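Take a look at the structure below.
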């Protein structure tokens, strides 16, 4: 990343890098993440369907962690008298588990058939609806700030 960025800026200029290259790279990264998730779900689909208790044991701590971090951060933002526009994104970003990084790390370190890779798949399944729920909390509590 760093070396290719330096090389592209040196060859084409920073303006071209920001206005052209980054706009081309964004859809590629989204497609790559989607492909990775499809691949992981195809490898872990049987476990997800046949071992729901295992999935539940992974999901419960993730649910608790995400909510705990969100509400601690959101409450602290209120105590610090941050405005809503700063408090809501801060709490949501703080609560996010950044599973795209976790997926890549788990696969590279432990392999695609590992329990760590399974945990990242469950993490994605849990994080998306939980984060949507927390966005709803933010919207309903906007007037508190």
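Residue numbers (my numbering): 166 to 310. Ideal placement from N, C-alpha and C gives every residue a C-beta, glycine not left out. This one's a predicted model, so the numbers in the text were calculated from it and none came from an experiment.
Rounded to the nearest whole angstrom, the C-alpha separation of residue 189 and residue 298 is 32 Å.
Residue 207 has its alpha-carbon roughly 37 Å from the corresponding atom of residue 172. For residue 247, there is no enclosing alpha helix (DSSP H), as DSSP marks it with neither H nor E. By the neighbour-count criterion, in which 16 or more other beta carbons inside 10 Å mark a residue as buried, residue 293 falls on the exposed side.
The Cβ-Cβ distance between residue 261 and residue 238 does not fall below 8 Å.
The distance from the Cβ of residue 223 to that of residue 287 is about 4 Å, consistent with a contact at the 8 Å cut-off. Between residue 231 and residue 295, the C-beta spacing is below 8 Å.
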